[in-house]
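Engineer: Same order as they appear, the protein sequences are chains D and E. As numbered in our numbering, residues 3 to 334 make up the first sequence, in order. As numbered in our numbering, residues 3 to 334 make up the second sequence, in order. Take a look at this one; I'll ask things after.
There are 2 protein chains.
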Amino acid sequence: MSQNITVLDVAREAGVSASTVSRYLTGVTSVSKIKQEAIARAIELLDFTPNVLAQSLKSGSTKTIGIVTQALESPFFGEELKGVEQAIAGTGYALLIVSGHWQAREEKDHAELLIARRVDGIIIFTSTASDKQIQSLSRQVPMVVTGRRMDMPRAVGLAVDNEQAAFEATQYLLEQGHRRIAHISGRVGQPDTEARLQGYKRALKTAGIKPDAKLIAGGDFSEAGGMLAINQLLEARGSFTAIFAANDQSALGARLGLYRRGIRVPEDLSLIGFDDLLLANYMLPPLTTIRQPTFELGKLAGQTLLNMLAGKTETVVQPQFELVVRESVRRA
Amino acid sequence: MSQNITVLDVAREAGVSASTVSRYLTGVTSVSKIKQEAIARAIELLDFTPNVLAQSLKSGSTKTIGIVTQALESPFFGEELKGVEQAIAGTGYALLIVSGHWQAREEKDHAELLIARRVDGIIIFTSTASDKQIQSLSRQVPMVVTGRRMDMPRAVGLAVDNEQAAFEATQYLLEQGHRRIAHISGRVGQPDTEARLQGYKRALKTAGIKPDAKLIAGGDFSEAGGMLAINQLLEARGSFTAIFAANDQSALGARLGLYRRGIRVPEDLSLIGFDDLLLANYMLPPLTTIRQPTFELGKLAGQTLLNMLAGKTETVVQPQFELVVRESVRRA
DNA sequence: TCCGAAACTGAAAACGCTTTCATGAAATCG
DNA sequence: CGATTTCATGAAAGCGTTTTCAGTTTCGGA
Numbered sequence: 003m004s005q006n007i008t009v010l011d012v013a014r015e016a017g018v019s020a021s022t023v024s025r026y027l028t029g030v031t032s033v034s035k036i037k038q039e040a041i042a043r044a045i046e047l048l049d050f051t052p053n054v055l056a057q058s059l060k061s062g063s064t065k066t067i068g069i070v071t072q073a074l075e076s077p078f079f080g081e082e083l084k085g086v087e088q089a090i091a092g093t094g095y096a097l098l099i100v101s102g103h104w105q106a107r108e109e110k111d112h113a114e115l116l117i118a119r120r121v122d123g124i125i126i127f128t129s130t131a132s133d134k135q136i137q138s139l140s141r142q143v144p145m146v147v148t149g150r151r152m153d154m155p156r157a158v159g160l161a162v163d164n165e166q167a168a169f170e171a172t173q174y175l176l177e178q179g180h181r182r183i184a185h186i187s188g189r190v191g192q193p194d195t196e197a198r199l200q201g202y203k204r205a206l207k208t209a210g211i212k213p214d215a216k217l218i219a220g221g222d223f224s225e226a227g228g229m230l231a232i233n234q235l236l237e238a239r240g241s242f243t244a245i246f247a248a249n250d251q252s253a254l255g256a257r258l259g260l261y262r263r264g265i266r267v268p269e270d271l272s273l274i275g276f277d278d279l280l281l282a283n284y285m286l287p288p289l290t291t292i293r294q295p296t297f298e299l300g301k302l303a304g305q306t307l308l309n310m311l312a313g314k315t316e317t318v319v320q321p322q323f324e325l326v327v328r329e330s331v332r333r334a
Numbered sequence: 003m004s005q006n007i008t009v010l011d012v013a014r015e016a017g018v019s020a021s022t023v024s025r026y027l028t029g030v031t032s033v034s035k036i037k038q039e040a041i042a043r044a045i046e047l048l049d050f051t052p053n054v055l056a057q058s059l060k061s062g063s064t065k066t067i068g069i070v071t072q073a074l075e076s077p078f079f080g081e082e083l084k085g086v087e088q089a090i091a092g093t094g095y096a097l098l099i100v101s102g103h104w105q106a107r108e109e110k111d112h113a114e115l116l117i118a119r120r121v122d123g124i125i126i127f128t129s130t131a132s133d134k135q136i137q138s139l140s141r142q143v144p145m146v147v148t149g150r151r152m153d154m155p156r157a158v159g160l161a162v163d164n165e166q167a168a169f170e171a172t173q174y175l176l177e178q179g180h181r182r183i184a185h186i187s188g189r190v191g192q193p194d195t196e197a198r199l200q201g202y203k204r205a206l207k208t209a210g211i212k213p214d215a216k217l218i219a220g221g222d223f224s225e226a227g228g229m230l231a232i233n234q235l236l237e238a239r240g241s242f243t244a245i246f247a248a249n250d251q252s253a254l255g256a257r258l259g260l261y262r263r264g265i266r267v268p269e270d271l272s273l274i275g276f277d278d279l280l281l282a283n284y285m286l287p288p289l290t291t292i293r294q295p296t297f298e299l300g301k302l303a304g305q306t307l308l309n310m311l312a313g314k315t316e317t318v319v320q321p322q323f324e325l326v327v328r329e330s331v332r333r334a
């Protein structure tokens, strides 16, 4: 374990001053050929790496982006994370990642922790905070949030049009002749949960069908929640021929609940999800779902933040959803 | 956007010296009641947060743990990540996360990037590097790797006994009367892939069965790989009544491949996985598998590293696997 | 041959904190 | 009551960089 070697050691070894070494490193001013070589040799010899902390202290920028996710183990957020990772690849930025565990309080505390660590910007996946709170945080550091739309100088929100997407999912079921359509909703209080519920209702109303409270079960975006919702739905004894689940994970849970009761998909019941996780492809049968470009969403979030940090003010493009027809829906 | 307020501003406001403010913050020496209050008031008034960079520069410790995962979107690594997160919760440490994308080269580069950022320690999930390389890195910073076993002062490896686990998985199939058992292997070159393959073979040999190359298909721990492996297995025209997949994700892919061909599980074919991901529970039918305590593995990795950083040298306890019987295996 | 511009360089200050070091005041002790 | 600890504090040094500032050379042009 060599002690820390500094720019001063290099300078001594190369027979120049520390300033010159620094200039060599940053490349901001020209350094004579002969000294360049001496410095390069010294760096090589001493195996010197500049201390990023000192650099950051001086420059004020840590080249670090803070990420607040809600669940580190979630395949959905994982995909978003991967998108951000790709966006920042090769830029010298790194990711400091924390989880809010779907708790507004924890999300806020952890975001502030990121700020205390002087991250250059923050991305929040599906924030549980209000627009106001996000705006308030954005006074300290530029922010990007996913799962809702928003467009302010220092705080932008990126999301598909959840309401419209849910509308089209429900409408697709209606087009297939379903009239009694149940909904497994998302985590209560989240804007996207609410938007999807509204889209579902609007589609029904547009088709002249009155939404039935017995056909709406509370979920929480999790597999277990989806399974519980099936119980709730069946116990309420409202008959239905199709289910629109607020996300694929709920759909997966629901699928098991149905399997347990011997209800076949799609022969007895049609099922449609939301997100298009990788696993939607591997469900039995493969799940028809609304594709949310999750990876691209993360990538877009990363790029948008990078732009903000670079002072570029390009207009944000919002991601688009898409219906992916597989095999879990059948004509009624 | 207030300019940076420093300990000196606080000192001025409170009518004390910067040293005293620092002492108040660190609590290392006693400060008189009266000044404590004055400082507290000043901090409140100015909304002061100490600059972590300056602290780190001084102390040499960043209170940051670097994590190298192989795939940010993986449910397996996600669960491990969650474990680490829990282990460090409340300790003041934060996580700098990078991905090696299963590339030895990239893993090494990114690990060095973490070192350059002066992380206090590194955890690698399922490292693609050799023991030697890990040992070499550990000279610069304490390391914990998962997915293999290892016990050195500054580098410890944490894993279930993969060979024995695979042995028992295969043996379970044998006990159920299966004689022709196929194997979908993991990513080539990984130590755990190799260990699981060896355990599979040993179980067969112990039962007096000669391993058959036609019954071993190459996978890569992914869903797509599992599906491809099914094609490979069926095209090789070796008959078999059960499959041992190197992980649950492969099993999920295999399950879809079988579904496509109208092969029922477990009626026509038994299937056993490895890991016990959440989704194993939600497969149709729920998957019998070897449970690897993934979350605990991450947690253990976090705790072990924390111990190393604190200079405690407790003997490492290795995690244990367990057979979880669900519904994907039937007597032959 | 002289002059201003350009190229190159070192000393020193600054980033914001912690930690000796030194010192005066207060508390303890025989 | 005088001598010794202990307590509380400020000044200053230091963590490892980058960035003025202030030259010194070097060079092209007149």
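Even glycine gets a Cβ: it sits at the ideal position worked out from N, Cα and C. All values reported here derive from a predicted model rather than from experimental measurement.
Following the continuous beta strand (DSSP E) through Met145 of chain E, name the residue where it begins and the one where it ends.
Structural biologist: Element bounds for Met145 of chain E: Met145 to Thr148.
Engineer: Is it true that the CB of Gly240 of chain D sits closer than 8 Å to the CB of Lys84 of chain D?
Structural biologist: Contact flag unset, no.
Engineer: Measuring CA to CA, which of D:Lys203, D:Ile274, D:Leu311 and D:Arg107 is closest to Ala253 of chain D?
Structural biologist: Ranking the options by Cα distance to Ala253 of chain D, first place goes to D:Ile274.
Engineer: For the ligand FMN, I want to know if Ala244 of chain E counts as a neighbour, meaning its beta carbon is within less than 7 Å of at least one of the ligand's heavy atoms.
Structural biologist: The ligand FMN is not part of the structure shown, which contains no ligands of any sort.
Engineer: Given that a residue counts as buried once 16 or more other Cβ atoms are within 10 Å of its Cβ, and exposed if not, what is Glu225 of chain E?
Structural biologist: Buried is the call here.
Engineer: Taking a contact to mean a Cβ-Cβ separation below 8 Å, would you say Ala205 of chain E touches Gly221 of chain E in this structure?
Structural biologist: Cβ atoms of Ala205 of chain E and Gly221 of chain E: not closer than 8 Å.
Engineer: Using the beta-carbon of each residue, which ones in chain E are nearer than 9 Å to Pro144 of chain D?
Structural biologist: In chain order: nothing, as chain E lies at least about 11 Å away.
Engineer: Pull up the CB-CB distance for Ala256 of chain D and Ile265 of chain D, whole angstroms please, since I reckon it's below 8 Å.
Structural biologist: About 10 Å separates the two Cβ atoms, so there is no contact after all.
Engineer: Assuming Glu75 of chain E is part of the beta strand (DSSP E), what are its boundary residues?
Structural biologist: Looking at the DSSP string, Glu75 of chain E is not in any beta strand (DSSP E), and its letter there is neither H nor E.
Engineer: I'd like to know if the segment 274 to 283 of chain E and the segment 161 to 174 of chain E are in contact, where contact means that at least 3 CB-CB pairs between them fall below 8 Å.
Structural biologist: Yes: the two stretches touch, three or more of their Cβ pairs being nearer than 8 Å.
Engineer: Compare the C-alpha of Asp214 of chain D against each of D:Gly227, D:Leu199 and D:Phe223 and name the closest.
Structural biologist: Cα-wise, what sits closest to Asp214 of chain D is D:Leu199.
Engineer: What residue does the alpha helix (DSSP H) around Thr208 of chain E start on, and which one ends it?
Structural biologist: That run of the alpha helix (DSSP H) goes Pro193 to Thr208.
Engineer: Any beta carbon of chain E sitting closer than 8 Å to that of Ala56 of chain D?
Structural biologist: At least one chain E Cβ lies under 8 Å of Ala56 of chain D.
Engineer: For Ala219 of chain D, does the three-state DSSP call read helix, strand or coil?
Structural biologist: Of the three classes helix, strand and coil, the one that applies to Ala219 of chain D here is strand, per DSSP.
Engineer: Per the DSSP calculation, Phe246 of chain D is bridged to which residue(s)?
Structural biologist: According to DSSP, Phe246 of chain D bridges with D:His185 and D:Ile274.
Engineer: Can you give, in chain order, each stretch of the alpha helix (DSSP H) that sits fully within the segment 91 to 130 of chain D and has at least 4 residues?
Structural biologist: Listed in chain order, they are 106 to 118.
Engineer: Given that Thr51 of chain D touches chain E, what residues does it touch there, using C-beta distances under 7 Å?
Structural biologist: Residues of chain E passing the Cβ test: Ala118.
Engineer: Give the residues of chain D in contact with Pro77 of chain E, contact being defined as C-beta atoms less than 8 Å apart.
Structural biologist: Within 8 Å Cβ-Cβ: Glu75, Pro77 and Gly80.
Engineer: Distance, Cα to Cα, Leu175 of chain D vs Leu286 of chain E?
Structural biologist: If you take the alpha carbons of Leu175 of chain D and Leu286 of chain E, they lie about 24 Å apart.
Engineer: Counting Cβ pairs closer than 8 Å, one from the segment 179 to 191 of chain D and one from the segment 16 to 24 of chain E, do we hit at least three?
Structural biologist: Verdict: no, contact absent.
Engineer: By alpha-carbon positions, which one of D:His180, D:Arg293 and D:Thr315 ends up nearest to Leu281 of chain D?
Structural biologist: Among D:His180, D:Arg293 and D:Thr315, the Cα nearest to that of Leu281 of chain D belongs to D:Arg293.
Engineer: Find the nearest neighbour of Ile136 of chain E within the set E:Val121, E:Leu116 and E:Val158, judged by alpha-carbon distance.
Structural biologist: The option with the nearest alpha carbon to Ile136 of chain E is E:Val158.
Engineer: Could you check whether the Cβ of Glu1 of chain D sits closer than 8 Å to any Cβ belonging to chain E?
Structural biologist: Residue 1 of chain D lies beyond the range of chain D shown here (3 to 334); nothing can be said about it.
Engineer: State yes or no: is the beta carbon of Ile292 of chain E nearer than 8 Å to at least one beta carbon in chain D?
Structural biologist: Judged by the 8 Å Cβ criterion, Ile292 of chain E is not in contact with chain D.
Engineer: Using three-state DSSP, classify Thr296 of chain E as helix, strand or coil.
Structural biologist: In the structure shown, Thr296 of chain E sits in a helix (DSSP, three-state: H, G or I).
Engineer: Kindly provide the ranges of any alpha helix (DSSP H) runs that are 4 or more residues long and lie completely inside the segment 133 to 172 of chain D, ordered along the chain.
Structural biologist: Complete alpha helix (DSSP H) runs here, min 4: 133 to 139.
Engineer: Give me, in chain order, the residues of the same chain whose beta-carbon lies closer than 6 Å to that of Lys65 of chain E; leave out the 5 immediate sequence neighbours on both sides.
Structural biologist: Once the five neighbours on either side are set aside, the close Cβ partners of Lys65 of chain E are Gly94 and Tyr95.
Engineer: Look at the alpha carbon of Ala161 of chain E and the alpha carbon of Glu324 of chain E, and state the distance between them as a whole number of angstroms.
Structural biologist: Spanning the two alpha carbons is a distance of roughly 13 Å.
Engineer: Closer than 8 Å by beta-carbon distance: list the chain E residues that pair up with Leu230 of chain D, in chain order.
Structural biologist: Within chain E, no residue comes near Leu230 of chain D; the closest Cβ sits about 13 Å away, beyond 8 Å.
Engineer: Can you give the Cα-Cα distance for Leu307 of chain E and Gly123 of chain E, rounded to whole angstroms?
Structural biologist: So the alpha carbons of these two residues sit roughly 7 Å apart.
Engineer: Going along chain E, which residues have a C-beta under 9 Å from Val100 of chain D?
Structural biologist: By Cβ distance, chain E contributes Glu87, Ala96 and Leu97.
Engineer: Assign Leu47 of chain E to one of two classes, buried (16 or more other C-beta atoms within 10 Å of its C-beta) or exposed (fewer than that).
Structural biologist: Per the 10 Å Cβ criterion, exposed.
Engineer: Label Val2 of chain D either buried or exposed according to how many other C-beta atoms from any shown protein chain fall within 10 Å of its C-beta, with 16 as the threshold for buried.
Structural biologist: The first residue shown for chain D is 3 and the last is 334, placing residue 2 of chain D beyond what the model contains.
Engineer: If we ignore side chains and look at the alpha-carbon of each, how far apart do Val327 of chain E and Leu289 of chain E end up?
Structural biologist: Taking the straight line joining both Cα atoms gives about 8 Å.
Engineer: Taking Cβ positions only, does Tyr26 of chain E come closer than 8 Å to chain D?
Structural biologist: Taking Cβ atoms only, chain D never reaches closer than 8 Å to Tyr26 of chain E, which makes this a no.
Engineer: Just to confirm, are Glu109 of chain E and Ala73 of chain E a CB contact at a threshold of 8 Å?
Structural biologist: It is not a contact, given that the beta carbons lie outside the stated cut-off.
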